[in-house]
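Reviewing the structure listed below.
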Amino acid sequence: MQPVGRPVRSLLRLEGLAVSIAGLLVWAGMDGGWWRFALLFLLPDVSMVGYVWGPRVGAAFYNAAHSYALPMLICVAGVMLDHRVLLLTGTLWMTHIGIDRVFGYGLKYATGFRDTHLGRLGPEPMPAAVMRTGEHLAQFLGTNERAQPAQAAAASVHTAH
Numbered sequence: 000m001q002p003v004g005r006p007v008r009s010l011l012r013l014e015g016l017a018v019s020i021a022g023l024l025v026w027a028g029m030d031g032g033w034w035r036f037a038l039l040f041l042l043p044d045v046s047m048v049g050y051v052w053g054p055r056v057g058a059a060f061y062n063a064a065h066s067y068a069l070p071m072l073i074c075v076a077g078v079m080l081d082h083r084v085l086l087l088t089g090t091l092w093m094t095h096i097g098i099d100r101v102f103g104y105g106l107k108y109a110t111g112f113r114d115t116h117l118g119r120l121g122p123e124p125m126p127a128a129v130m131r132t133g134e135h136l137a138q139f140l141g142t143n144e145r146a147q148p149a150q151a152a153a154a155s156v157h158t159a160h
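The letter at position 84 of the sequence shown is residue 83 when you use numbering that gives the first Met the number 0, and the numbering goes up by one with no holes.
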């Protein structure tokens, strides 16, 4: 997995913010109803059910529901056909995707849910050097276990009382 670099990632997140703001303004201007917005906002995330069949299928389902292409076509159809429900549906869907992008939820790679085109989601694993520091602290405190620094410190407090 090769995520985009920092300047490009920031630009994509800013793009998501612009899409989100535009979507919210269109929704408000068309008086789509905020209760309806709240009720339907997470509907594209139902696509995560694909992960039940593994990361490859999950990524395909998720990406199909989190690409701007289909909601954009729905919006265009709504405008061309003067169909309010289609326009609101596409707008809500694009707003959802935009807000996801703002928070770093990008299109998924088949390697796993956390692997996105905007980078890896969640904290990275602790580097080996930090892990070794925890082992050294455990040895210094006289514990035989390979404890994490916080666990070793807690153990020394308990034994002192």
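Using N, Cα and C, we set each Cβ at its ideal position, and we do this for glycine too. The structure displayed is predicted, hence computed values, not measured ones.
Query, Result
"Which of helix, strand or coil DSSP assigns to Thr94", "helix"
"Tyr67 in three-state terms, based on DSSP", "coil"
"Segment limits, alpha helix (DSSP H) that includes Phe112", "Taken as a continuous stretch (DSSP letters only), Phe112 belongs to no alpha helix (DSSP H), being part of the beta strand (DSSP E) at 111-115."
"N- and C-terminal bounds of the alpha helix (DSSP H) containing Val48", "Segment: none, Val48 is in no alpha helix (DSSP H) and carries neither H nor E."
"Under 8 Å between C-beta atoms of His95 and Phe40", "yes"
"Check whether Val3 and Leu13 have beta carbons under 8 Å apart", "no"
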